[in-house]
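Here the structure is laid out as structure tokens; the discussion comes afterwards.
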Amino acid sequence: MTSKRRLQRVELGGFPAFKLGTPSPFADLYYSVMEMSWTTFIALASALFVAINLVFGAIYAALPGAIANAAPGSLLDGFYFSVDTLGTVGYGSMYPATHAGHAIASLEILIGLFFSATMTGLIFARFARPRTSLEFSNVAV
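Residues 3 to 143 (the numbering used here) make up the sequence shown, in order.
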């Protein structure tokens with residue numbers, strides 16, 4: 003994490019004052035993501051992908067008839083439909099059947115585009131980041 007310390011507002015003898023507090027874990031999220039190991043990064047990205055799909059899958063399951071050819075109330079069908087939508091794979095036998103289904107799918111597509119763009123940018127930045135190295139020579143120049 004970074005060494006940034008945030009200011010916290012406190013009362014000191016009835017007067018407002020500020021003191022240095024502990025750094026927020028989200029103070030520099032980009033730096034934290036860039037510094038984590040590849041396995042942690044991939045695990046975090048995968049967990050975020052599954053979490054987004056579970057949330058939207060639960061929303062689809064809670065809206066009866068929102069997805070054509072899906073079992074009513076089926077979280078599994080909602081999850082699979084959400085994976086298709088988030089990944090912009092395209093619809094097969096299941097597709098939005100109501101206005102609410104279309105609205106939720108549209109929101110999920112937008113979130114999926116942002117998610118894909120963010121992950122692509124982070125992966126590129128991690129690969130393109132220069133690494134320091136020090137080499138020794140037997141001959142002084």
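C-beta atoms are modelled at their ideal positions from N, C-alpha and C, and glycine is treated no differently.
A quick note: this is a predicted structure, and the numbers were derived from the prediction, not measured.
Integer-rounded CB distance, given that residue j should sit under 8 angstroms from residue i
i      : j      : result
Ala165 : Ile106 : The requested residue 165 does not occur in the structure, where the chain is confined to residues 3 to 143.
Ile111 : Thr90  : 6 angstroms
Gly75  : Pro66  : 7 angstroms
Leu14  : Leu22  : Wrong, their Cβ atoms sit about 14 angstroms apart, outside the cutoff.
Where residue i falls: helix, strand or coil (DSSP)
i      : result
Glu13  : strand
Ala127 : helix
Glu137 : coil
Ala142 : coil
Gly103 : helix
Gly92  : coil
Met3   : A caution first: Met3 carries a pLDDT of 48, below 50, which makes its placement in the model too unreliable to give a value.
Identified DSSP bridge partners for residue i
i     : result
Phe20 : Arg11
Pro98 : Ile69
Residue j beta carbon less than 9 angstroms from that of residue i
i      : j      : result
Leu78  : Gly59  : yes
Asn71  : Tyr32  : no
Tyr117 : Leu50  : Looking at the sequence provided, one finds Phe at residue 117 rather than Tyr. Result yes, Cβ atoms of Phe117 and Leu50 sit closer than 9 angstroms.
Ile54  : Leu109 : no
Leu1   : Ser84  : No answer is possible for residue 1: it lies beyond the span of the chain, which begins at 3 and ends at 143.
Phe20  : Arg11  : yes
Met38  : Ala127 : no
Phe43  : Leu124 : yes
Residue interval of the alpha helix (DSSP H) (run including residue i)
i     : result
Ser48 : Trp40 to Ala64
Tyr33 : Leu31 to Glu37
Ser84 : Leu77 to Leu88
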